[in-house]
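Chains as they are written, first to last, in the UniProt record's numbering: chain A, 1 to 474; chain B, 1 to 474. Cβ coordinates follow ideal geometry from the N, Cα and C atoms, glycine included. Bear in mind that the values here come from a model prediction, so they are computed numbers and not experimental data. Here's the structure, in structure tokens; my notes come after.
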């Protein structure tokens with residue numbers, strides 16, 4: 001019984017939300033109906049922008065009454081079309097961007113209560129003004145909102161030490177599909193009253209309700225960092241180094257990124273004003289970063305760890321950035337890989353994870369599996385080795401029409417990659433979620449037991465399927 | 001359509017499980033049909049003891065086919081009757097104790113894969129044999145099993161640093177109510193494929209399926225500890241000290257227990273061979289423990305932290321245990337409080353939590369609220385201040401018949417305590433869970449939004465209500 005909203009339904013919503021919170025103007029809605037990569041384009045009967053949690057609950061009640069499907073949206077910077085409505089024009093877009101207050105920062109407990117529409121960068125600034133840091137950051141920090149980050153269980157570049165959003169969420173406030181407001185904002189270290197709803201909303205992609213606010217864990221503002229560049233023979237040796245540094249440096253280790261030599265060459269070739277940190281052309285490179293409160297002990301620990309690894313012949317060469325500018329130069333190489341690779345022509349990209357220990361085996365073996373079935377195809381992995389999460393690119397053979405080859409083989413190539421990942425107990429979506437992009441893939445490849453459980457949870461909490469229909473669950 | 005199992009159903013189960021895995025012998029079943037505190041007594045049509053995950057899945061399939069209700073059980077050392085069947089004799093007791101293998105210990109990744117029936121103490125020993133430690137322990141470690149600890153999201157004495165079971169579970173294998181086996185054992189640091197089933201099984205009390213194994217996080221075996229006893233004026237000052245030490249000592253802080261002077265006096269009076277660590281009779285006492293790999297830095301950090309607190313007049317007095325024997329003596333006082341209090345006569349006990357910052361206010365205010373409604377009633381809190389979790393005892397006025405007073409007022413007193421806890425955003429079950437003991441209390445006091453969500457999840461995953469019926473959800 002879902003369909004285009006009746007005039008009565010739209011009037012009820014308009015009356016509730018007023019001119020600031022309700023629009024059907026195509027010009028205003030347009031930028032929010034396409035995902036930022038331009039892959040998905042949708043339509044909406046109206047865009048609803050509630051001012052607070054009570055308005056959000058009230059609008060959900062109206063939608064429940066009239067049977068109207070909703071698509072919650074934050075900064076619209078997701079990677080899998082999870083916040084883009086379908087093309088029917090029957091769905092309502094619920095923008096959480098007006099709910100942009102940092103309600104509270106408790107410096108003693110190092111906790112903040114933040115509304116769904118707060119932009120990550122603004123929250124960083126608010127925490128810093130209290131001498132604190134929210135230790136999750138990513139490329140889209142200028143647009144991504146707290147509600148979207150919770151709902152997609154966002155990761156980013158500091159997961160090694162601080163975990164994904166799931167590990168930083170101490171409380172959640174959300175409107176459930178029946179329009180009731182669940183207040184789970186109190187940060188309880190111990191709470192055994194049955195199923196943990198807070199955790200369930202992390203990564204639910206708006207399919208179980210709308211997150212209106214979250215209580216987030218803060219850490220002391222890091223005042224020092226130390227960055228090193230390391231040349232190394234293999235991902236296997238890199239994993240050994242990770243284990244050593246992990247044991248020696250404890251929680252200071254904040255970044256551990258791996259890149260093949262071909263990536264570095266591609267960056268040096270395609271990105272102006274970059275230079276190789278090391279002269280040696282080792283098969284693999286690592287960017288390692290430590291963060292803490294004092295520079296000196298960090299520096300000592302890093303140098304001692306690398307010296308021991310050199311002595312043990314675990315690494316070939318290493319250099320520690322002498323200053324902040326050099327650190328930035330190291331990171332610029334890492335962060336330019338995607339751009340540099342684009343200049344080399346099209347590639348299939350996979351956002352995958354496996355248990356950290358199995359990542360070297362995956363990186364070593366997957367190219368062989370690919371070539372056996374797709375002669376000439378070239379696989380390349382780079383990224384967060386410490387998280388068991390790499391960006392895995394597959395490029396067409398050098399001598400064929402790339403676009404044609406990808407159109408003919410792309411799906412089969414990706415299946416081969418994903419099946420390999422699943423063999424190792426891994427995930428076909430490490431960071432970006434499922435959304436509409438991987439919905440059918442999940443239905444095809446995930447275990448029937450897990451799929452049945454996901455569908456059971458969805459049916460139990462949103463029996464009429466009004467929340468973000470067509471996303472996550474087929 | 002649940003009822004006493006038919007002979008055909010029992011035959012199918014007996015054929016599947018064989019004589020080691022199936023019994024209806026009352027003598028064998030009897031010890032497992034009463035909870036260990038003797039508060040709940042049940043009956044069972046049979047006790048099923050599967051040897052492995054596949055047998056567990058197969059027995060669940062048979063039960064699903066015949067519509068038979070199941071009660072999963074581990075070490076039978078729970079506190080809320082969560083593993084005791086009802087009195088009907090229609091339910092089947094599923095003992096997981098035969099599944100007692102530690103499948104794997106990965107020293108590099110510091111992870112173990114452990115079957116549900118492994119007893120906690122045995123797992124501690126297995127980890128230690130690899131130079132590692134599983135950092136969760138509690139009084140029932142000689143009987144509590146891994147499956148029960150996962151299903152009750154157990155806490156214990158090291159939560160301050162290492163979290164509850166939820167924080168240590170990196171993977172779960174479970175049989176779902178339809179008899180399918182969910183294999184979520186792979187430890188993935190990043191996995192965004194929708195709802196996190198691993199987390200959902202933590203604290204589900206066997207109502208959503210049977211946990212058959214878990215992947216658990218280990219830490220290096222701690223080789224050193226340092227224990228201090230502190231005299232202090234108030235819970236408020238204790239919280240300030242916690243924040244200071246937390247900032248200065250970081251992850252070394254492993255215990256932070258608070259006790260009122262009356263508790264200490266009760267222990268000294270009732271427990272032989274105990275002596276007060278400090279001469280001063282301050283209103284409150286703290287037991288503080290640090291753990292790490294080297295003794296010297298721990299000792300220095302603890303002494304420096306306490307000296308600074310003395311200088312700031314935040315604490316009245318402090319003593320650091322000189323050796324392991326003194327540490328044990330300090331802990332013996334803390335661990336004897338319950339026993340000593342029992343000697344003082346009956347009391348109502350509450351297992352509650354509030355946000356850590358609000359605990360001093362709760363401890364200070366609750367006695368006043370109680371006395372206003374129940375003149376002469378005496379409230380006393382002690383326990384894990386660092387976790388926002390105390391044991392809150394209420395004793396009858398000194399001049400009345402205690403048993404009679406408790407019978408007449410007990411329920412109303414507990415309601416007052418729980419309502420106060422909920423006002424502060426706290427939990428009516430911090431550690432022990434809901435089971436059958438607090439099932440109706442939860443239904444009465446929790447928010448309608450949260451209750452509806454719990455019921456939705458239960459209905460979605462176990463639509464016929466065959467898994468641990470009558471527990472957790474009314």
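Cα-Cα separation between residue i and residue j, rounded to whole angstroms
i                     : j                     : result
residue 292 (chain B) : residue 137 (chain B) : 17 Å
residue 4 (chain B)   : residue 468 (chain B) : 15 Å
residue 390 (chain B) : residue 230 (chain B) : 18 Å
residue 80 (chain A)  : residue 296 (chain A) : 42 Å
residue 268 (chain B) : residue 274 (chain B) : 6 Å
residue 239 (chain B) : residue 264 (chain B) : 20 Å
residue 352 (chain A) : residue 421 (chain A) : 7 Å
residue 22 (chain B)  : residue 342 (chain B) : 40 Å
residue 130 (chain A) : residue 294 (chain A) : 19 Å
residue 234 (chain A) : residue 318 (chain A) : 15 Å
residue 155 (chain B) : residue 194 (chain A) : 14 Å
residue 315 (chain A) : residue 65 (chain B)  : 59 Å
residue 282 (chain A) : residue 232 (chain A) : 6 Å
residue 416 (chain A) : residue 112 (chain B) : 29 Å
residue 26 (chain B)  : residue 104 (chain B) : 36 Å
residue 472 (chain B) : residue 70 (chain B)  : 14 Å
residue 149 (chain A) : residue 372 (chain B) : 46 Å
residue 180 (chain A) : residue 24 (chain A)  : 26 Å
residue 13 (chain A)  : residue 67 (chain A)  : 13 Å
C-beta contact flag for residue i and residue j at 8 Å
i                     : j                     : result
residue 153 (chain B) : residue 192 (chain A) : yes
residue 126 (chain A) : residue 99 (chain A)  : no
residue 513 (chain B) : residue 378 (chain B) : With chain B running from 1 to 474 in the structure shown, residue 513 (chain B) is simply not present.
residue 93 (chain A)  : residue 32 (chain A)  : yes
residue 258 (chain A) : residue 339 (chain A) : no
residue 332 (chain A) : residue 287 (chain A) : no
residue 161 (chain A) : residue 220 (chain A) : no
residue 407 (chain A) : residue 346 (chain A) : no
residue 461 (chain B) : residue 453 (chain A) : yes
residue 470 (chain B) : residue 52 (chain B)  : no
residue 387 (chain B) : residue 60 (chain B)  : no
residue 143 (chain B) : residue 211 (chain B) : no
residue 176 (chain A) : residue 449 (chain B) : yes
residue 171 (chain B) : residue 214 (chain B) : yes
residue 58 (chain B)  : residue 89 (chain B)  : no
residue 91 (chain A)  : residue 83 (chain A)  : no
residue 427 (chain A) : residue 438 (chain A) : no
residue 209 (chain A) : residue 140 (chain A) : no
residue 456 (chain A) : residue 354 (chain A) : no
residue 435 (chain A) : residue 78 (chain A)  : yes
residue 393 (chain A) : residue 348 (chain A) : yes
residue 226 (chain B) : residue 298 (chain B) : yes
residue 357 (chain A) : residue 109 (chain B) : yes
residue 330 (chain A) : residue 398 (chain A) : no
Those residues which DSSP pairs with residue i across a bridge
i                     : result
residue 46 (chain B)  : B:92
residue 292 (chain A) : A:224
Listed by chain order, chain C residues near residue i by CB distance under 9 Å
i                     : result
residue 432 (chain A) : Among the protein chains of the structure shown, namely A and B, there is no chain C.
Check: residue i C-beta below 7 Å from any heavy atom of the ligand MG
i                     : result
residue 156 (chain B) : Here there are no bound small molecules, and the ligand MG is not part of this structure.
*For the segment 130-158 of chain A, enumerate the residues whose C-beta is nearer than 9 Å to any C-beta of chain B, in chain order.*
Of all residues in the segment 130-158 of chain A, 152, 153, 154, 155 have a Cβ within less than 9 Å of some Cβ in chain B.
- prompt: Using a beta-carbon distance cut-off of less than 9 Å, what residues from the segment 435-468 of chain B approach chain A?
  reply: Cβ contacts with chain A come from 438, 442, 446, 447, 448, 449, 450, 452, 453, 454, 455, 456, 457, 458, 459, 460, 461, 462, 463.
Next item on the list: Jot down the residue ranges of each uninterrupted beta strand (DSSP E) in the segment 18-78 of chain A, minimum 3 residues, whole runs only, in chain order.
Entry: Runs found: 46-48, 70-73.
**Request:** Let me know the alpha helix (DSSP H) ranges lying completely inside the segment 356-383 of chain B, each 4 residues or longer, listed in chain order.
**Result:** Taking only runs of at least 4 residues, the alpha helix (DSSP H) segments lying wholly in the segment 356-383 of chain B are 359-373.
Of the residues that make up the segment 356-373 of chain B, which ones have a beta carbon closer than 7 Å to any beta carbon in chain A? The residues in question are 356, 357.
- [ ] Identify each residue in the segment 279-292 of chain B for which the Cβ-Cβ distance to at least one residue of chain A is less than 8 Å, and report them in chain order.
- [x] Within the segment 279-292 of chain B, no residue qualifies.
Taking a Cβ distance cut-off of 9 Å, strictly less, list which residues of the segment 185-211 of chain A are near chain B, in chain order. Residues 185, 186, 187, 188, 189, 190, 191, 192, 193, 194, 195, 196, 197, 199, 200, 202, 203, 204, 205, 207, 208, 209.
- Item | In chain order, each alpha helix (DSSP H) run of at least 4 residues that lies wholly inside the segment 150-216 of chain B | Taking 4 residues as the shortest admissible run, the segment 150-216 of chain B contains the following complete alpha helix (DSSP H) segments, listed from N- to C-terminal end: 159-162, 165-168, 197-201.
Extract the residue ranges of the beta strand (DSSP E) inside the segment 210-286 of chain B, only unbroken runs of 3 or more that lie entirely within it. Taken in chain order, the unbroken stretches of beta strand (DSSP E) that lie wholly in the segment 210-286 of chain B and span 3 residues or more are 210-217, 224-232, 253-260.
Problem set entry | Interface positions of the segment 382-402 of chain A facing chain B (Cβ-Cβ less than 9 Å), listed along the chain | For the segment 382-402 of chain A, the beta-carbon criterion of a distance under 9 Å to any beta-carbon of chain B is satisfied by 384, 386, 387, 388, 389.
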